[in-house]
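In this note's numbering, the protein residues as written are 1 to 229.
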């Protein structure tokens, strides 16, 4: 449905799902991960199927996402939205919670029906030791299907997000076909690093802890057309 914010992602990959859609760099670790639209769509579908088939969550349910900008965070957020969930922005009771391994203590401020932890490993490897009260997202999500059915209506929160994403893309001056370089330390809000570029039909190159010495070469090798200011 039009008010499901995940439709922004579906529309962004519709013309060519095999092109690189999201490239992730972390200059602190030397990590680089490139995902096509189709590959990210598989992760998104698996996440949505986990929420719907395993947890039996319905549109209007709520999720907490205590994760930094990352390609796996994109999969979690888009999976939640695909299932029609609202991603809460302040602590409280939620149906499901996703937390980075180094943000487990923040989960104490939330009350969740089910909780998943993410190591955010470059190769998406499972955790060796899973904290008590959590399930390992990577382990659990892999068993679910690569395709998700029709997007359920997301309700007012989704419609508002889509409006905000479109407006933010216009503020950045983004247009279809651009390849956008984004310093996620400067733009940690998913509205900026994920939804606005997707709403504009752009592809993303996300950089955490960017090393200024690498940026000139990266702009050339990644064929960047627009760095966010």
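Don't be surprised by glycine CBs; every beta carbon is placed ideally from N, CA and C. Since we're looking at a predicted model, the values are computed, not measured.
For this session: Put residue 140 into one of helix, strand or coil per three-state DSSP.
Result: Counting from one through the chain shown, the residue named residue 140 turns up at place 140. Helix.
For this session: Note down the Cα distance separating residue 29 from residue 207, rounded to an integer number of angstroms.
Result: Within the chain shown, residue 29 is the residue found at index 29, counting from 1. Within the chain shown, residue 207 is the residue found at index 207, counting from 1. C-alpha separation (whole angstroms): 11 Å.
Exercise. Helix, strand or coil for residue 230 per DSSP?
Worked result: The shown model of the chain, from 1 to 229, leaves out residue 230, and the question about it has no answer.
Exercise. Which value, in whole angstroms, describes the spacing of the CA atoms of residue 111 and residue 117?
Worked result: The residue given as residue 111 occupies position 111 in the chain shown. The residue given as residue 117 occupies position 117 in the chain shown. Taking the CA atoms as reference points, residue 111 sits about 15 Å from residue 117.
Exercise. Taking the alpha carbon of residue 106 as the point to measure from, which residue in 95, 90 and 113 has its own alpha carbon closest?
Worked result: Your numbering for residue 106 matches position 106 in the chain shown. If we check each option's Cα against that of residue 106, 90 comes out closest.
Exercise. Can the beta-carbon of residue 75 be found less than 9 Å from the beta-carbon of residue 46?
Worked result: Start at 1 with the first residue of the chain shown, and residue 75 comes out as number 75. Start at 1 with the first residue of the chain shown, and residue 46 comes out as number 46. Taking 9 Å as the Cβ cut-off, residue 75 and residue 46 qualify as a contacting pair.
Problem set entry | Counted within 10 angstroms of its Cβ, other Cβ atoms place residue 162 as buried (16 or more) or exposed | Residue numbering aside, residue 162 sits at position 162 when the chain shown is read from its first letter. Its Cβ being crowded by 16 or more others within 10 Å, residue 162 is buried.
Exercise. Where are the alpha helix (DSSP H) runs, 4 residues long or more, that stay fully inside the region 181-219, in chain order?
Worked result: Counting only runs of 4 or more, we get 196-200.
Exercise. Candidates 22, 42 and 196: which alpha carbon is nearest residue 35's?
Worked result: Stepping through the chain shown from its first residue, residue 35 is reached at position 35. Residue 22 is the option with its Cα nearest to residue 35.
Exercise. Where does residue 20 fall in DSSP's three states?
Worked result: The count along the chain shown starts at 1 and reaches residue 20 at position 20. In this structure, DSSP gives residue 20 an extended state, which the three-state scheme calls strand.
Exercise. Taking the alpha-carbon positions, what's the residue 42 to residue 143 distance?
Worked result: For the purposes of this step, residue 42 is identified with residue 42 of the chain shown, where counting begins at 1. For the purposes of this step, residue 143 is identified with residue 143 of the chain shown, where counting begins at 1. Going from the Cα of residue 42 to the Cα of residue 143 covers about 12 Å.
Problem set entry | Residue interval of the beta strand (DSSP E) (run including residue 95) | Numbered from its first residue, the chain shown carries residue 95 at position 95. Residues 93-100.
Exercise. What separation, rounded to the nearest whole angstrom, lies between the Cα atoms of residue 54 and residue 217?
Worked result: Translated into the one-based positions of the chain shown, residue 54 becomes position 54. Translated into the one-based positions of the chain shown, residue 217 becomes position 217. About 44 Å.
Exercise. Of the residues 108, 209, 126 and 63, which one's Cα is nearest the Cα of residue 98?
Worked result: Here residue 98 refers to the residue found at position 98 of the chain shown. In terms of Cα proximity to residue 98, the closest of 108, 209, 126 and 63 is 63.
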